[in-house]
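Participant: Mind having a look at this structure? Questions to follow.
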């Protein structure tokens with residue numbers, strides 16, 4: 005027996021139409037080249053996204069065809085987020101931090117037909133243009149550069165629209181967006197987001213127990229829009245009608261804080277590294293920026309160290325620590341406390357909030373140690389596996405990607421985690437980053453989080469280096485704060501109370517910077533290569 | 005091209021499993037017969053709902069079979085809310101305020117196979133038992149009454165469960181719940197809620213722009229659980245893991261306020277009449293109850309007078325005014341302000357909040373004046389029509405119910421409304437309650453809301469009475485507060501500044517009480533009948 009309810013599909017087009025109808029005067033603000041601030045509105049976004057959709061259809065875009073973007077976070081990128089799916093197309097966000105040959109591979113693999121590109125990124129496009137076959141390249145001329153031969157002016161393209169665009173009649177499982185994983189190794193793999201997945205993710209994102217977004221918020225899309233839908237922020241803002249702020253390419257802490265203050269931003273989402281820069285700026289220039297009361301944030305993409313969480317609390321920006329990945333749209337878990345945890349001692353509350361959190365509604369989690377599901381005891385590690393309506397079931401056009409999924413259909417995340425009795429996940433490590441010392445496991449993530457809690461440390465990476473006696477031992481590579489004097493014995497003494505002595509790194513190397521992936525994660529593969537031939541001083 | 009996402013159905017079973025896994029220690033509190041308070045938990049609710057599901061299956065319940073409840077709001081009713089759909093069955097909540105012959109009709113029309121009944125309601129069941137064919141009647145013995153012949157003890161029924169229950173593999177469009185409309189006229193009509201509709205409704209209900217429910221809340225299911233899923237409150241509480249409080253049959257203001265205080269309730273949802281009683285108790289006994297800080301509420305089911313909204317604000321219980329109906333699961337609109345309305349003058353803010361609000365995500369609204377869609381000008385009235393994923397597309401097994409839907413598939417609500425340029429709905433009247441005076445329309449709802457704003461008025465109804473010259477004219481039937489002295493000229497003078505003189509009621513009748521439907525709405529049909537032969541004093 006079926007319900008007597010309407011068969012009404014969950015599509016981004018509902019959100020686009022609604023934001024145009026209910027919130028046309030709400031501001032959309034973007035930093036553009038030259039660092040000036042451009043003020044537009046959801047009314048304009050609605051009109052221009054529909055114009056883009058109309059002109060893409062008139063240019064021959066068919067249902068499911070891919071339209072790529074190579075853009076910073078700005079208002080025209082929002083038009084593409086909404087207008088491409090409105091046309092029945094699939095928005096494919098290209099990661100502008102990738103190498104030209106990777107971009108060429110991805111564009112070709114996705115069979116992108118159209119590219120929308122910021123004029124300040126034209127040289128990046130030109131670096132791989134010869135290797136791809138795009139039918140149209142639309143240039144967004146925010147810096148005013150001339151349109152190169154073979155390209156078109158985006159404004160002229162959408163100007164021809166008559167305004168009589170009609171939405172196609174879409175199934176909610178049709179593709180709306182696409183993103184390739186930024187794996188540190190291996191071939192990039194495409195995840196295709198359905199309308200349904202993006203819409204449910206936006207509803208979940210806005211829930212009070214996840215990021216708590218209402219129309220009253222002023223939301224900054226700080227995580228890159230080419231990186232898993234900017235954590236879901238732009239679509240959630242559109243769903244709620246919250247004012248939306250784009251930082252453009254000005255991502256240094258001072259520029260971001262300036263915009264936090266001038267637009268009275270109440271919510272932003274970013275990777276911990278970005279929040280760390282913001283915290284350091286706030287601490288080094290107390291009172292310089294007057295932030296909005298009630299500001300809150302989300303940190304995801306890599307583990308949020310407890311010291312950073314505490315520091316941002318002191319600055320009045322409480323964080324929700326979330327976990328997810330490109331394959332999960334991305335948010336699966338969020339670390340907000342449960343009601344009865346409010347009465348717990350402060351240290352225990354921070355310990356819980358520094359975990360990756362409990363699963364959202366409709367998200368299932370488990371940790372697998374071999375073929376067995378590990379108990380939720382807060383100790384037993386296993387590979388984190390997830391299931392749910394916004395979790396990928398396969399990669400785009402990649403039959404050999406099947407090993408990512410268990411035989412019973414769960415996504416194997418590649419993260420090693422434990423789950424505590426409250427259902428809060430703690431990511432211990434990437435499977436490939438765990439250190440195996442004399443048959444025991446050492447978590448590089450735990451060591452890194454503990455090292456960065458030292459006031460003189462800016463960043464740290466811990467890697468496994470092969471060892472003649474113990475098989476592997478941890479080596480810490482540390483970036484001190486400017487002017488700070490750090491040495492191995494200071495750090496070992498600092499860590500000693502928190503770890504068993506056999507878990508402590510045997511050596512500390514001090515460097516000026518660490519290598520990162522295009523999305524800001526530590527590039528441990530490069531470090532491992534660099535220190536492959538490390539010689540341990542004494543073999544005890 | 006489809007997304008590469010998992011096909012993961014949105015079902016209540018996900019919510020049941022999650023609340024058992026993540027929130028087993030969170031309290032579920034219920035007032036039971038004798039007025040004592042019973043404390044149980046989501047862990048128990050999870051175990052017992054699964055036991056109920058297992059035993060229903062073992063008793064031969066097949067997919068889609070209906071299980072009826074005749075119960076007050078209490079913890080066992082929650083088990084039925086979760087356990088019946090878990091078994092693949094359909095929970096059919098019977099309205100205990102209906103007459104025996106109506107209940108018999110509804111049970112027979114729905115083909116209910118099983119009934120779960122509170123022992124304090126056994127006499128009501130017995131009043132129609134002979135007219136229905138139920139295979140099993142399970143008695144919840146909270147008052148300790150003996151189980152009559154032909155019935156079974158609910159506790160004994162579920163005690164047999166082995167605990168090895170396996171959820172069926174459900175499609176999200178399958179039926180989970182059923183409710184018959186409490187129409188004041190005509191045959192009762194069944195609405196069948198799918199898992200998908202109930203789940204999306206719960207997500208929407210919890211959004212900060214609707215009722216803003218988090219796990220930190222203490223939620224009271226105050227609206228009856230036999231009335232449109234108690235406005236969605238119990239399932240939203242289960243989804244978020246918020247502590248849940250049931251008032252049982254103790255619905256007088258003092259009993260409810262006592263429970264608000266003792267359980268530190270932070271959210272409740274009820275019809276305006278119930279909130280009015282609560283307000284009057286708070287005003288007449290200032291300081292008696294110490295309510296939870298941050299308490300908030302939802303009012304729906306009939307129009308929320310601005311005076312009541314202001315009064316509850318003064319008592320620290322800000323209301324969200326929502327609109328919906330049995331056919332819409334129920335919430336379609338919510339009257340929270342938009343960000344820029346915070347700067348509006350106080351009177352204008354109250355005017356907006358007293359409207360029924362703007363549509364939730366995925367809910368489409370329009371007003372139709374004849375064949376044309378009315379402009380969103382805040383003035384032109386038309387029939388409110390709605391569309392969306394939790395809106396009914398038909399009635400259960402009633403081919404002749406088709407007139408409820410427009411030819412293009414919208415639900416015709418029967419409410420006359422205008423929509424303002426901000427997209428906020430204002431219900432002007434039921435189509436059949438509008439007064440047609442000399443070719444002009446007068447809104448009975450507007451007059452009623454204005455009359456109840458008078459401090460000496462407890463309740464008021466305005467009806468159309470036929471008039472020899474003007475076709476129809478408004479007659480006001482007013483219940484004064486105890487001990488108050490009211491007369492026609494006082495009330496006419498009170499209303500005069502707010503209406504054109506031709507809109508004012510020509511006569512006021514003072515009575516001790518007004519007739520209501522089983523769900524607390526004014527029963528205007530009865531009043532119209534009573535005053536059918538009214539003779540106007542002077543014909544001007």
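Residue numbers (the numbering used here), protein chains in the order written: chain A, 5 to 544; chain B, 5 to 544. All C-beta atoms in this analysis are idealised placements derived from N, C-alpha and C, irrespective of residue type, glycine included. If you're wondering where the values come from, they're calculated on a predicted model, not measured in any experiment.
Using the Cα positions of residue 67(A) and residue 87(A), report the straight-line distance between them to the nearest angstrom.
Facilitator: As a position in the first chain, residue 67(A) is number 63, starting the count at 1. As a position in the first chain, residue 87(A) is number 83, starting the count at 1. So the two alpha carbons sit approximately 13 Å from each other.
Participant: Just the Cα atoms here: how many angstroms apart are residue 333(A) and residue 31(B)?
Facilitator: Numbered from its first residue, the first chain carries residue 333(A) at position 329. Numbered from its first residue, the second chain carries residue 31(B) at position 27. Their Cα atoms are separated by approximately 33 Å.
Participant: Helix, strand or coil, according to DSSP, for residue 107(B) in the structure here?
Facilitator: Translated into positions along the second chain, residue 107(B) becomes position 103. Here residue 107(B) sits in helix by DSSP.
Participant: I want to verify the contact list: residues of chain B whose CB lies under 9 Å from the CB of residue 216(A), in sequence order.
Facilitator: Start at 1 with the first residue of the first chain, and residue 216(A) comes out as number 212. Those are 212, 216 and 218, listed as they occur along chain B.
Participant: Checking the sheet assignment: what are the DSSP bridge partners for residue 77(A)?
Facilitator: Indexing the first chain from 1 puts residue 77(A) at position 73. In the DSSP output, where bridge partners are listed per residue, residue 77(A) has 252(A).
Participant: Under the three-state reduction of DSSP, which class applies to residue 276(B): helix, strand or coil?
Facilitator: Within the second chain, residue 276(B) is the residue found at index 272, counting from 1. Residue 276(B) falls in the helix class under three-state DSSP.
Participant: In angstroms with no decimal places, state the Cα-to-Cα distance between residue 127(B) and residue 36(B).
Facilitator: As a working mapping, residue 127(B) is identified with position 123 in the second chain. As a working mapping, residue 36(B) is identified with position 32 in the second chain. Spanning the two alpha carbons is a distance of roughly 18 Å.
Participant: Using a Cβ-Cβ cut-off of less than 7 Å, give me the residues of the segment 373-397 of chain B that come near chain A, in sequence order.
Facilitator: Listed by position along the chain: 391, 392, 393, 394, 395, 396 and 397.
Participant: What's the gap between the Cα of residue 233(A) and the Cα of residue 523(B)?
Facilitator: On the first chain, position 229 is the one that residue 233(A) refers to. On the second chain, position 519 is the one that residue 523(B) refers to. The straight-line gap from Cα to Cα measures roughly 45 Å.
Participant: Is the segment 354-364 of chain A in contact with the segment 417-435 of chain A, if contact means three or more CB pairs nearer than 8 Å?
Facilitator: Yes, since at least three Cβ pairs between the segment 354-364 of chain A and the segment 417-435 of chain A fall closer than 8 Å, the two stretches touch.
Participant: Opposite residue 327(A) in the DSSP bridges: which residues?
Facilitator: Residue mapping note: residue 327(A) aligns to position 323 of the first chain, counting from 1. DSSP output for residue 327(A) lists 337(A) as bridge partner(s).
Participant: Pull up the distance between the alpha-carbon of residue 75(B) and that of residue 445(B), whole angstroms please.
Facilitator: For this step, residue 75(B) is matched to residue 71 along the second chain. For this step, residue 445(B) is matched to residue 441 along the second chain. Their backbone Cα atoms lie some 42 Å apart in a straight line.
Participant: Under 7 Å, Cβ to Cβ, is there at least one residue of chain B near residue 362(A)?
Facilitator: As a working note, residue 362(A) is residue 358 in the first chain. Cβ-Cβ to chain B under 7 Å: yes for residue 362(A).
Participant: So, is the C-beta of residue 234(A) closer than 7 Å to a C-beta in chain B?
Facilitator: On the first chain, position 230 is the one that residue 234(A) refers to. No, no contact with chain B.
Participant: Comparing alpha-carbon positions, which option in 539(B), 472(B), 502(B) and 465(B) lies nearest residue 514(B)?
Facilitator: By 1-based counting over the second chain, the position of residue 514(B) is 510. Of 539(B), 472(B), 502(B) and 465(B), the residue nearest in Cα terms is 465(B).
Participant: Give a yes or no on whether the C-beta atoms belonging to residue 509(A) and residue 478(A) are separated by under 7 Å.
Facilitator: Here residue 509(A) refers to the residue found at position 505 of the first chain. Here residue 478(A) refers to the residue found at position 474 of the first chain. Closer than 7 Å, so yes.
Participant: Use the C-beta contact count for residue 324(A): other C-beta atoms within 10 angstroms, 16 or more gives buried, fewer gives exposed.
Facilitator: Taking the first residue of the first chain as position 1, residue 324(A) is located at position 320. It is buried - the Cβ of residue 324(A) has at least 16 other Cβ atoms within 10 Å.
Participant: If you drop the 5 nearest sequence neighbours on each side, which residues of the same chain put their C-beta closer than 6 Å to that of residue 315(A)?
Facilitator: Start at 1 with the first residue of the first chain, and residue 315(A) comes out as number 311. Closer than 6 Å at the Cβ level, and outside the excluded window around residue 315(A), lie 283.
Participant: Whose C-beta lies closer than 7 Å to the C-beta of residue 104(A) among residues of the same chain, with five residues either side of it excluded?
Facilitator: Taking the first residue of the first chain as 1, we reach residue 104(A) at position 100. So the qualifying residues of the chain are 131 and 132.
Participant: Rounded C-beta distance between residue 15(B) and residue 199(B)? I'm assuming under 8 Å.
Facilitator: By 1-based counting over the second chain, the position of residue 15(B) is 11. By 1-based counting over the second chain, the position of residue 199(B) is 195. Right, the Cβ-Cβ distance comes to about 4 Å (below 8 Å), so this counts as a contact.
Participant: Spatial neighbours of residue 530(B) within its chain, please: CB distance less than 7 Å, with the 5 preceding and 5 following residues excluded, ordered by chain position.
Facilitator: Start at 1 with the first residue of the second chain, and residue 530(B) comes out as number 526. Once the five neighbours on either side are set aside, the close Cβ partners of residue 530(B) are 519.
Participant: Leaving aside the five residues before and after residue 2(B) along the sequence, list all residues of the same chain whose C-beta is less than 7 Å from its C-beta, in chain order.
Facilitator: Absent from the model: residue 2(B). The displayed extent of chain B is 5 to 544, so no value can be given.
Participant: Under the assumption that residue 540(B) contacts residue 504(B) (Cβ atoms under 8 Å), give the Cβ distance between them as a whole number of angstroms.
Facilitator: As a working mapping, residue 540(B) is identified with position 536 in the second chain. As a working mapping, residue 504(B) is identified with position 500 in the second chain. The pair is not a contact, with the Cβ atoms about 19 Å apart (cut-off 8 Å).
Participant: If we call anything under 7 Å between Cβ atoms a contact, is residue 34(B) one with residue 61(B)?
Facilitator: On the second chain, position 30 is the one that residue 34(B) refers to. On the second chain, position 57 is the one that residue 61(B) refers to. The answer is no: Cβ separation not under 7 Å.
Participant: How many angstroms separate the CA atom of residue 216(B) from the CA atom of residue 172(B)?
Facilitator: Looking up residue 216(B) in the second chain gives position 212. Looking up residue 172(B) in the second chain gives position 168. Between residue 216(B) and residue 172(B), the C-alpha separation is close to 32 Å.
Participant: Considering only the alpha carbon of each residue, which of 302(A), 244(A) and 170(A) lies closest to residue 271(A)?
Facilitator: Within the first chain, the letter at position 267 stands for residue 271(A). With distances taken between Cα atoms, residue 271(A) lies closest to 302(A).
Participant: Among 395(A), 420(A), 165(A) and 456(A), which residue has its Cα nearest to the Cα of residue 484(A)?
Facilitator: The sequence position of residue 484(A) within the first chain is 480, counting from 1. Ranking 395(A), 420(A), 165(A) and 456(A) by Cα distance to residue 484(A) puts 456(A) first.
Participant: Once the 5 residues before and after residue 286(B) are set aside, which same chain residues still bring their CB inside 6 Å of it?
Facilitator: Here residue 286(B) refers to the residue found at position 282 of the second chain. Around residue 286(B): 319.
Participant: For residue 176(B), which residues from the same chain have a beta carbon less than 8 Å from its beta carbon, with the 5 sequence-adjacent residues on both sides left out?
Facilitator: On the second chain, residue 176(B) is found 172 positions in, with the first residue counted as 1. Closer than 8 Å at Cβ, skipping near neighbours: 13, 14, 15, 198, 199, 200 and 203.
Participant: Name the one or two DSSP bridge partners that residue 419(A) has.
Facilitator: Here residue 419(A) refers to the residue found at position 415 when the first chain is read from its first residue. Residue 419(A) is bridged to 434(A).
Participant: Do residue 205(A) and residue 409(A) count as a contact pair if the criterion is CB distance below 7 Å?
Facilitator: Taking the first residue of the first chain as 1, we reach residue 409(A) at position 405. Taking the first residue of the first chain as 1, we reach residue 205(A) at position 201. Going by C-beta atoms, residue 409(A) is not nearer than 7 Å to residue 205(A).
Participant: Strictly under 7 Å for the Cβ-Cβ distance: is residue 209(B) near chain A by that measure?
Facilitator: Reading the second chain from its first residue, position 205 is the one you call residue 209(B). Residue 209(B) does not count as touching chain A.
Participant: Whether or not the segment 96-115 of chain B and the segment 141-152 of chain B are in contact is what I'm after, with contact meaning three or more pairs of Cβ atoms, one per stretch, closer than 8 Å; do they touch?
Facilitator: The segment 141-152 of chain B vs the segment 96-115 of chain B: no contact.
Participant: Closer than 7 Å, CB to CB, is residue 87(B) near chain A or not?
Facilitator: In the second chain, counting from the first residue as 1, residue 87(B) sits at position 83. Chain A, which has no Cβ nearer than 7 Å to the Cβ of residue 87(B), makes this no.
Participant: Buried or exposed for residue 148(B), please, with buried defined as at least 16 other CB atoms from any protein chain shown within 10 angstroms of its CB.
Facilitator: Position 144 of the second chain, counting from 1, holds the residue named residue 148(B). So residue 148(B) counts as exposed.
Participant: Would you mind sorting residue 117(B) into buried or exposed? The rule is 16 or more other CB atoms within 10 Å of its CB.
Facilitator: For the purposes of this step, residue 117(B) is identified with residue 113 of the second chain, where counting begins at 1. Buried, by the Cβ-count rule.
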